[in-house]
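Visitor:
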Amino acid sequence: MKISFAEPDLPHSGAVVVGVWEGKALTPAASRIDEAAGGAIARALSAPSRFTGKKDQLLPILAPPKLSASRIVLAGLGKPESADSGSLQQLGGTLFAHLNAAGEEEATVMIDIGDTASVGPAEAAAEIAFGAQLRSYRFDKYKTKQKPEQKPSLTHLTVATSSANAAKRAYRPLEKTAAAVFLTRDLVSEPANVIYPETLATAAEGLTELGIEVETLDETKMRELGMNALLAVGQGSARPSRLVVMQWHGVESSDGARGRPLAFVGKGVTFDTGGISIKPAAGMGDMKWDMAGSAVVLGLLRLLAARKAAVNAVGIVGLVENMPSGTAQRPGDIVTSMSGQTIEVLNTDAEGRLVLADALWYCQQRFKPRLIIDLATLTGAVIVALGHHRAGLFSNNDELADRLIEAGKEVGEQVWRLPLADSYDREIDSDAADVKNIGGGRAAGSIIGAQFLQRFIDDVPWAHLDIAGTAWSTKDTATVPKGATAFGVRLLDRLVSQYYEKE
Ligand code: BES
Ligand code: MN
Ligand code: ZN
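Heads up: the sequence shown begins at 4 in the numbering used here, then just goes up one per residue.
Okay, here's the thing in structure tokens:
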């Protein structure tokens, strides 16, 4: 979909969208259109209808013959003081879905919210466009028989604003954000016969175009380094494992604390059958997105590079396929991780933590990062705890946790902190090795997973995001069509820009 910004002018074709405040007060553009349309808007608002101008309410009316536009869509803006960047993005997304479902091919959004809101007119226009763009994502490359009415109709969206140039400028970083989100969504959506460790590594290598330094470690290299926990997960698969290191240099590395990188580590299980502790057949196809954590790390690094973030960052993804076979690891196997700690693998389906154990250790040893954040579709238990509305957050550092919570609220990717404590940690003491990869029962499954990871964290501010419930959505929301969400890209980008670039 093409997005443009233009000075307000009566549109000559397509739909025209105007804003109505809660209580049916027209915005200035709505009044102008109403006048040009011979009072059609006022009439529509006085006719019986449930439309009151509440946020996200839409009322489409046919444009009268006086206008050359096809339709006028009244869009509820809610209360002036409640309009913020998030609500404008939602409006943009909701509008996109409506116009597209109606079969409109082009539309002009004339929503001038004036100075009442917390965002200026140029930003408001950019945020509406951003929301529409995010919602327009589709993964339909494998659909060869789509009927015309199943294809998206809206090809051109114009956002009218008296500050068109400023809006264009405000949209530029948002457009980069959308591109990064789309990369992540694409990778997560691809099936496991297309995206497996080698091809995901190739996708990461593509980021060199943006100035990111990318290295791929193969199995020989990982064996040399002692990454036996990661390798054990991949040993049942015909597809060899990989570990990819991506570095973005946005500041001089001699620059004291600022020079030390922020580190992001992703779980990249390109398919999780459970291994010998095999999963039930129903729903196993979902496990193609068990690499979402690593796809978020790729998207995030792409975004930091695209917007030339003033920060050093490293992204590390552990890429494996968890398969049952004659070479697969067995429940009860004991492996020596890169950290030297031995792990008793009592359930081969608790594999993400084995991958992360070595990826986290390697990351700390090599980069001495300022902080380390991992993302993983780690546990089904986090879905039991938080559903699909919040990701689980675990951290050894209150400041980092608070910043993540704040950033999450700002971008609408919310996280909820769950505890870490010695009493949980004791549950993973093993009789035979240093640690076991599962606890005694089903209780506190997500916390147990996080405790396991913490055994591989040195003295560094660390946060773990369990995104098992938020990486994939079975329902459309305003800015995220159902499917891969890319949850975490915007959150971590905001964390970086808000707290680590401006010092
Ligand atoms: N990849 C799964 C977790 C998962 C479940 C992600 C559902 C997304 C949706 C993970 O590897 C796993 O299998 N975890 C086990 C851990 C258990 C064996 C301790 C789980 O959650 O059942
Ligand atoms: Mn598993
Ligand atoms: Zn998994």
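We put the beta carbon where it would ideally sit given N, CA and C, even for glycine.
Please name the residue in Gly237, Lys412 and Asn315 whose C-alpha comes closest to that of Leu357.
Guide: Of Gly237, Lys412 and Asn315, the residue nearest in Cα terms is Gly237.
Visitor: Is the stretch 457 to 472 touching the stretch 360 to 379 in the sense that three or more CB pairs, one from each, lie closer than 8 Å?
Guide: The stretch 360 to 379 vs the stretch 457 to 472: in contact.
Visitor: Say yes only if the C-beta of Glu324 is nearer than 7 Å to one or more non-hydrogen atoms of the ligand MN, and no if none qualify.
Guide: Checking every heavy atom of the ligand MN against the Cβ of Glu324, none is found closer than 7 Å.
Visitor: So, are the CB atoms of Gly79 and Glu25 less than 8 Å apart?
Guide: In contact: Gly79 and Glu25 (Cβ atoms closer than 8 Å).
Visitor: Could you give the DSSP three-state label for Ser507: helix, strand or coil?
Guide: For residue 507 there is no data in the structure shown, the boundaries of the chain being 4 and 506.
Visitor: Between Phe133, Ala316, Leu190 and Thr187, which has its C-alpha nearest Tyr503's C-alpha?
Guide: Nearest of Phe133, Ala316, Leu190 and Thr187 to Tyr503, Cα basis: Ala316.
Visitor: Measuring straight from C-alpha to C-alpha, what distance separates Arg406 and Ser256?
Guide: Approximately 24 Å between the Cα atoms of the pair.
Visitor: Specify which residues have a beta carbon nearer than 5 Å to any heavy atom of the ligand ZN, listing them in chain order.
Guide: Any residue whose Cβ sits closer than 5 Å to a heavy atom of the ligand ZN makes the list: Val272, Asp275, Asp293 and Gly355.
Visitor: For Arg429, which of helix, strand or coil comes out of DSSP?
Guide: Three-state DSSP puts Arg429 in a helix.
Visitor: Under DSSP, the beta strand (DSSP E) around Ile319 begins and ends at which residues?
Guide: Counting along the chain, the beta strand (DSSP E) containing Ile319 begins and ends at Asn315 to Asn325.
Visitor: What does the Cβ neighbour count give for Arg226, buried or exposed, with the cut at 16 atoms within 10 Å?
Guide: Flag for Arg226 reads exposed.
Visitor: Does the distance between the C-beta of Met290 and the nearest non-hydrogen atom of the ligand BES fall short of 7 Å?
Guide: Checking every heavy atom of the ligand BES against the Cβ of Met290, one is found closer than 7 Å.
Visitor: Report yes if the CB atom of Glu409 is closer than 8 Å to the CB atom of Leu494, and no otherwise.
Guide: Not in contact: Glu409 and Leu494 (Cβ atoms no closer than 8 Å).
Visitor: Taking one C-beta from the stretch 369 to 382 and one from the stretch 267 to 274 each time, how about it: are there three or more such pairs within less than 8 Å?
Guide: Segments in contact, yes.
Visitor: Any heavy atom of the ligand BES within a distance shorter than 7 Å of the CB on Gly448?
Guide: Result yes, Cβ under 7 Å from the ligand BES.
Visitor: Buried or exposed: Gln153, going by 16 or more other Cβ atoms within 10 Å of its Cβ?
Guide: Classification of Gln153: exposed, given that the 10 Å Cβ count is below 16.
Visitor: If you drop the 5 nearest sequence neighbours on each side, which residues of the same chain put their C-beta closer than 8 Å to that of Trp475?
Guide: Closer than 8 Å at the Cβ level, and outside the excluded window around Trp475, lie Val191, Asp289, Trp292, Ala295, Gly486, Ala487 and Thr488.
Visitor: Could you have a look at Glu109 and say whether DSSP puts it in helix, strand or coil?
Guide: Strand at Glu109.
Visitor: Going by alpha carbons, who is nearest to Ile116 out of Asp401, Asp428 and Gly22?
Guide: When each option's Cα is compared against that of Ile116, the closest is Gly22.
Visitor: Spatial neighbours of Ala436 within its chain, please: C-beta separation below 7 Å, excluding the five flanking residues on both sides.
Guide: So the list reads Ile337, Thr345, Ile346 and Glu347, once near-sequence residues are dropped.
Visitor: Tell me the DSSP bridge mates of Arg74?
Guide: In DSSP, Arg74 forms a bridge with Ala18 and Leu65.
Visitor: Could you check how far apart the C-beta atoms of Phe455 and Val483 are, in whole angstroms? I think they sit under 8 Å.
Guide: Contact doesn't hold; Cβ gap of about 30 Å is too wide.
Visitor: Does the ligand MN have even one heavy atom less than 7 Å from the beta-carbon of Ala353?
Guide: Because some heavy atom of the ligand MN lies under 7 Å away, the Cβ of Ala353 counts as near it: yes.
Visitor: Helix, strand or coil for Ile198, going by three-state DSSP, please let me know.
Guide: Looking at Ile198 - three-state DSSP - the assignment turns out to be coil, as it is neither helix nor strand.
Visitor: Give a yes or no on contact between the stretch 103 to 117 and the stretch 51 to 60, applying the rule of three or more CB pairs nearer than 8 Å.
Guide: Cβ pair count under 8 Å is below three, so no.
Visitor: Evaluate His467 with the Cβ neighbour count: other Cβ atoms within 10 Å of its Cβ, from every protein chain shown; 16 or more gives buried, anything less gives exposed.
Guide: His467 should be labelled buried.
Visitor: For Leu374, does the three-state DSSP call read helix, strand or coil?
Guide: It is a strand residue.
Visitor: Helix, strand or coil for Leu220? Go by DSSP, reduced to three states.
Guide: It is a strand residue.
Visitor: With a 10 Å radius around its C-beta and 16 neighbouring C-beta atoms as the bar for buried, classify Ser340 as buried or exposed.
Guide: Burial call: buried.
Visitor: Relative to the C-alpha of Arg333, which residue among Leu322, Thr223, Ser90 and Glu354 is closest?
Guide: The residue with the shortest Cα to Cα distance from Arg333 is Glu354.
Visitor: Near Leu423, which residues of its chain fall below 8 Å by C-beta distance, leaving aside the five closest residues on each side in sequence?
Guide: Cβ within range, chain order: Phe397, Ser398, Asn399, Ile450, Ala453, Gln454 and Gln457.
Visitor: So, do the stretch 142 to 153 and the stretch 88 to 103 have three or more beta carbon pairs nearer to each other than 8 Å?
Guide: The stretch 142 to 153 is not in contact with the stretch 88 to 103.
Visitor: Just to confirm, are Ala163 and Glu413 a CB contact at a threshold of 8 Å?
Guide: Cβ atoms of Ala163 and Glu413: not closer than 8 Å.
Visitor: If you reduce the DSSP assignment to three classes, tell me which class Leu381 lands in.
Guide: Coil, per DSSP.
Visitor: Let me know if Glu130 comes out buried or exposed under the rule of 16 or more other beta-carbons within 10 Å of its beta-carbon.
Guide: By the 10 Å Cβ count, Glu130 comes out buried.
Visitor: Restricting to Cα atoms, I'd like to know which of Met230, Gly277 and Leu301 is closest to Ala182.
Guide: Taking only the C-alpha atoms, the option nearest Ala182 is Leu301.
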